[in-house]
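Asker:
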Amino acid sequence: AVLRRTSQVRPLHGSGCGQQQEAIGMETRPETFSIFRTQENDPACQSEQHLGQYYTVPPSHFHTVFPHGLPPRYQQQVKTFNEGCVMVRQPALELISHLKRADYSKPTLRYLLYGVKGSGKTMSLCHTVHYCSTQGWLVLHIPDAHLWVKNCKELLPSSYHASRFDQPIQASNWLRNFRTTNEHFLSKIKLRQRYVWTKRESTEEGRPLGELVDMGVSRVKSSSDVVGAVLKELRLQAGGTEGGFRLAVAVDGVNGLWGRTTLKKEDKSPVAPEELTLVHNLRKMINNDWCGGAVIATLSQTGSLYAPSSAYLPQELLGEEGFDSMDPFVPVPVSLYSEKEFESCYLYYLDHIHFHHWLQHPHSQTEEGKKELIFLSNRNPSVLERLCAFL
Amino acid sequence: MAASLTGLLKPWTPRVLLVRWSRYNPYYLEPEPRKEVYHIPETELTPEQKEERELKSVRPIKAATNSVTSSVFNDPVLSKFVNMMMKDGDKIIAKGIITQTLENMKRKQVEKYHKAPEGKKAEIECNPYAIFHQALENCKPVIGLASIQKGGKFYQVPIPLTDNRRRFLAMKWMITECRDNKHRRTLMYEKLSQELLAAFSKEGNVVKRKHELHKMAESNRAYAHYRWW
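Chains as they are written, first to last, in full-length UniProt numbering: chain A, 1 to 391; chain B, 1 to 229.
#1: Could you give the residue range of the beta strand (DSSP E) that holds A/Gly-84?
#2: If you measure between the beta carbons of B/Ile-131 and B/Met-171, is that distance less than 7 angstroms?
#3: Could you give the residue range of the alpha helix (DSSP H) that holds A/Tyr-131?
#4: Please classify B/Arg-59: is it buried, with 16 or more other beta-carbons within 10 angstroms of its beta-carbon, or exposed?
#5: What's the gap between the Cα of B/Ile-40 and the Cα of B/Pro-47?
#6: List, in order along the chain, the chain A residues whose C-beta lies closer than 9 angstroms to that of B/Glu-111?
#7: Using DSSP with H/G/I as helix, E/B as strand and the rest coil, what is A/Asp-351?
#8: On the DSSP letters alone, give me the boundaries of the beta strand (DSSP E) that B/Ile-143 sits inside.
#9: Can you give the Cα-Cα distance for A/Met-285 and A/Tyr-346, rounded to whole angstroms?
#10: Count the other C-beta atoms from every protein chain shown that fall within 10 angstroms of the C-beta of B/Lys-10, then say buried if there are 16 or more, exposed otherwise.
#11: At a CB-CB cut-off below 7 angstroms, which residues of chain E make contact with A/Leu-391?
#12: Going by DSSP, which residues form a beta bridge with A/Cys-291?
#13: So which residues of chain B does A/Gly-369 contact, with C-beta pairs closer than 8 angstroms?
#14: Is any beta-carbon of chain A found at less than 7 angstroms from that of B/Asn-127?
#15: With a floor of 4 residues, list each alpha helix (DSSP H) that falls wholly inside the UniProt domain "Small ribosomal subunit protein uS7" (65 to 221) of chain B, ordered by position along the chain.
#16: Quick one, are the C-beta atoms of B/Cys-126 and B/Lys-210 less than 7 angstroms apart?
#17: Rounded to a whole number of angstroms, what is the C-alpha to C-alpha distance between B/Thr-101 and A/Tyr-104?
#18: Quick check: is the beta carbon of B/His-114 nearer than 7 angstroms to any beta carbon in chain A?
#19: I'd like to know whether the C-beta of residue 393 of chain A is nearer than 7 angstroms to at least one C-beta of chain B.
#20: Cβ closer than 9 angstroms: which chain A residues qualify as neighbours of B/Thr-176?
#21: At the 7 angstroms Cβ level, is A/His-363 part of the contact set with chain B, yes or no?
#22: Count the other CB atoms within 10 Å of the CB of A/His-130; is the residue buried (16 or more) or exposed (fewer)?
#23: Using beta carbons (cut-off 7 angstroms, strictly below), is B/Leu-169 in contact with chain A?
#24: Any beta carbon from chain A within less than 7 angstroms of B/Thr-186's own beta carbon?
#25: How would you list, in chain order, the residues of chain A whose beta-carbon sits under 7 angstroms from the beta-carbon of B/Arg-107?
#26: Quick one, which of A/Tyr-337, A/Arg-235, A/Val-279 has its alpha-carbon nearest A/Pro-107's?
#27: So A/Leu-155 and A/Gln-170 are in contact, right, with Cβ under 8 angstroms, and what is the actual spacing, rounded?
#28: Could you tell me whether the Cβ of B/Leu-136 comes closer than 7 angstroms to any Cβ of chain A?
#29: May I have a chain-ordered list of the alpha helix (DSSP H) segments no shorter than 4 residues that lie completely inside the stretch 245 to 325 of chain A?
#30: How far does the alpha helix (DSSP H) with A/Val-226 in it reach, from first residue to last?
#31: Nearest to A/Ile-142 by CA position, among A/Ser-335, A/Glu-316, A/Leu-299, A/Pro-328, is which residue?
#32: Ends of the alpha helix (DSSP H) at A/Ile-374?
#33: Locate the beta strand (DSSP E) running through A/Thr-56, then write down its first and last residues.
#34: Alpha carbon to alpha carbon, how far is B/Lys-50 from A/Tyr-348? Give it in angstroms, no decimals.
#35: Considering only the beta carbon of each residue, do A/Leu-350 and A/Leu-391 sit closer than 7 angstroms?
#36: Could you tell me whether any Cβ in chain A is nearer than 7 angstroms to the Cβ of B/Ser-102?
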């Protein structure tokens, strides 16, 4: 039955699955073979006419640009479908247009993506990160700041500063992923300062950044200090005129940096976030006292500690301290799917050319089933994804 | 009569009374949850349907249970399976396990589909509901055994089974198999999806158990005449 359906629908593909009116208006892109996909895989060239359509991240870029940072369910979806498709949505396009027109000689602008749970903040962040990496920026992507303030098995007292704590595992993991993302920058950037790690080890001035990162990955004990050093170097060199690069700091779950942690010292007293080296250095990055880049952050209630589940506004999740540090920022609200976006998502899951009907239930392919999906998910992207997974 | 009335005069009555499990008067009619029945216009009703509608307008109707929905995705067999898997009335966890199972089965089949060569693609079934129903069919025994006493001894006598009994046995075997014979660290949905996919292709422990039951029934053929119904 399935094979018969594929052969029936194939001749309809030139007209985009039967939606003739919109296809006539899109003659300028002769190779569009579906209404919900676009061939424009470069985020820089995407514009309002691509709103609601899916573009494919080229498989060669996929592992370099996103070694970490994608939501876990999306990673599963990429593995099953053998392709990574991202929907072009309004918040991401707005962010990209801001990034295109910003003045990089002025202090950094901070953008904050906020919205209800499951509305697509992390995916918009990843879309922007893809844009930054295609434009040749250096991307500092912290997949989830909450991972650094909870569930840490090893907390070492820092060698550099007496009252701070190091997190060797998290720091070395992050450095490994950082190395994968920014291979080509590691040899170009030279250090401007001498760093001494122990009595016998030091990194001289003028050595490439790659050496510092390799050292941080291999010597796990000093990896948090290496992270601090890397961040400092990048901050100093980002706006430079000779060999200057643009730095994009993408932080997911930025509300974890202010607030409380679940970590405890040996005498069972709670650890404040300032006492963690990684958090301390990251906060310095988010301050807008450097120029030549942008800070894109996302709020997240899902991983957050001691925050009510209905909270999604910046004021509620960041708290007073966080809001004062982030202020002034450009807020970018991420809303649930509009009707057009929902249509597009539904057709994507129904697509039978690429992955044999992700929506398998016979009733889900009818109008009744579609209305029911709208009702059950309220057009929330993550809820819709979970529903379509078992239907 | 006085005794039953004093039983009802309690100092506290619960806010929500369980209505559905009480024994209804046979005068009450069953509810109709399906939407399509109500969308048929007046003119297209057959005389029986018209009569039924008139009857429903005068007779009282039983309350519908919580598990019955008018949703298009409502599946009575799947609901029964969820109820059988439920422990301590925790249907959320049971339903969660089943949805994870269906998703897992779909993912495995879709990945298998992508890796398969062109000729074999059509044979791979990706619909988890179809796989579930077919697997359950493959696990249903055709004939069962009953313990009948004759002359002081108990004999295992082969007997025909009703549809409900067969479906119950298939589900029961599937659930006990997945609960008992799994590694400590395997999650229920993982084991269940493996067993269902195996049963779909007529392999696995549950179909083996069905075959063993059939063999026992075959070997006890001689006692078939001990059955008197």
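Idealized CB from N, CA, C, for every residue including glycine.
Answerer: The relevant details are as follows:
#1: By 1-based counting over the first sequence, the position of residue 84 of chain A is 84. Residues 84 to 87.
#2: Translated into positions along the second sequence, residue 131 of chain B becomes position 131. Translated into positions along the second sequence, residue 171 of chain B becomes position 171. No, the Cβ-Cβ distance between B/Ile-131 and B/Met-171 is not below 7 angstroms.
#3: To locate residue 131 of chain A, count along the first sequence from 1; it is residue 131. It spans 121 to 134 - the alpha helix (DSSP H) in which A/Tyr-131 sits, taken as one unbroken run.
#4: The sequence position of residue 59 of chain B within the second sequence is 59, counting from 1. Label assigned to B/Arg-59: exposed.
#5: In the second sequence, residue 40 of chain B corresponds to position 40, counting from 1. In the second sequence, residue 47 of chain B corresponds to position 47, counting from 1. One C-alpha to the other measures close to 13 angstroms.
#6: Residue mapping note: residue 111 of chain B aligns to position 111 of the second sequence, counting from 1. Simply Lys-79, Thr-80, Asn-82.
#7: The residue labelled residue 351 of chain A in the question sits at position 351 within the first sequence. Three-state result, A/Asp-351: coil.
#8: Numbered from 1 along the second sequence, position 143 holds the residue referred to as residue 143 of chain B. Run containing B/Ile-143: 143 to 150, per the beta strand (DSSP E) assignment.
#9: Residue numbering aside, residue 285 of chain A sits at position 285 when the first sequence is read from its first letter. Residue numbering aside, residue 346 of chain A sits at position 346 when the first sequence is read from its first letter. Each residue's alpha carbon lies about 40 angstroms from the other.
#10: As a first step, residue 10 of chain B is located in the second sequence; it is residue number 10 there, counting from the start. The residue is exposed, with fewer than 16 neighbouring Cβ atoms inside 10 Å.
#11: Here the protein chains are A and B, and chain E is not one of them.
#12: Looking up residue 291 of chain A in the first sequence gives position 291. According to DSSP, A/Cys-291 bridges with A/Pro-107.
#13: Here the question's residue 369 of chain A lines up with position 369 in the first sequence. Result: Val-72, Phe-73.
#14: Within the second sequence, numbered from 1, the residue matching residue 127 of chain B stands at position 127. Chain A contact via Cβ: present.
#15: 76 to 85, 91 to 115, 128 to 139, 163 to 180, 188 to 200, 205 to 219
#16: As a working mapping, residue 126 of chain B is identified with position 126 in the second sequence. As a working mapping, residue 210 of chain B is identified with position 210 in the second sequence. No, they are not a contact pair.
#17: Residue 101 of chain B sits at position 101 when you count from the first residue of the second sequence. Residue 104 of chain A sits at position 104 when you count from the first residue of the first sequence. So the two alpha carbons sit approximately 51 angstroms from each other.
#18: If you number the second sequence from 1, residue 114 of chain B lands on position 114. Interface residue, yes.
#19: Outside the shown range of chain A, which is 1 to 391, sits residue 393 of chain A, and nothing can be said about it.
#20: Along the second sequence, one-based indexing puts residue 176 of chain B at 176. Here the premise fails: no neighbours, minimum Cβ distance about 24 angstroms.
#21: Translated into the one-based positions of the first sequence, residue 363 of chain A becomes position 363. Yes, A/His-363 counts as interfacial toward chain B.
#22: Sequence index remark: in the first sequence, residue 130 of chain A carries index 130 (1-based). Counting Cβ neighbours within 10 Å, A/His-130 comes out buried, since at least 16 surround it.
#23: Working through the second sequence from its first residue, we reach residue 169 of chain B at position 169. So, not an interface residue.
#24: In the second sequence, the residue the question calls residue 186 of chain B occupies position 186. Chain A, which has no Cβ nearer than 7 angstroms to the Cβ of B/Thr-186, makes this no.
#25: Along the second sequence, read from residue 1 onward, the residue named residue 107 of chain B stands at position 107. Here the neighbours are Thr-80.
#26: Numbered from 1 along the first sequence, position 107 holds the residue referred to as residue 107 of chain A. Comparing Cα-Cα distances from A/Pro-107 to each of A/Tyr-337, A/Arg-235, A/Val-279, the minimum goes to A/Arg-235.
#27: Indexing the first sequence from 1 puts residue 155 of chain A at position 155. Indexing the first sequence from 1 puts residue 170 of chain A at position 170. So it is not a contact: roughly 10 angstroms between Cβ atoms.
#28: In the second sequence, counting from the first residue as 1, residue 136 of chain B sits at position 136. By this cut-off, B/Leu-136 is not an interface position.
#29: 277 to 286
#30: Translated into the one-based positions of the first sequence, residue 226 of chain A becomes position 226. Per DSSP, A/Val-226 belongs to the alpha helix (DSSP H) from 223 to 237.
#31: Sequence index remark: in the first sequence, residue 142 of chain A carries index 142 (1-based). It is A/Leu-299 whose Cα lies nearest to the Cα of A/Ile-142.
#32: Working through the first sequence from its first residue, we reach residue 374 of chain A at position 374. 367 to 377 is the span of the alpha helix (DSSP H), which, as asked, contains A/Ile-374.
#33: Mapped onto the first sequence, residue 56 of chain A falls at position 56. Unbroken beta strand (DSSP E) run through A/Thr-56: 54 to 57.
#34: Counting from one through the first sequence, the residue named residue 348 of chain A turns up at place 348. Counting from one through the second sequence, the residue named residue 50 of chain B turns up at place 50. Using only the alpha carbons, I get a separation of about 43 angstroms.
#35: Start at 1 with the first residue of the first sequence, and residue 350 of chain A comes out as number 350. Start at 1 with the first residue of the first sequence, and residue 391 of chain A comes out as number 391. Not in contact: A/Leu-350 and A/Leu-391 (Cβ atoms no closer than 7 angstroms).
#36: Against the second sequence, residue 102 of chain B aligns to sequence position 102. One point to set straight first is that residue 102 of chain B is Leu, not Ser, in the sequence displayed. Closer than 7 angstroms to some Cβ of chain A, the Cβ of B/Leu-102 qualifies, so yes.
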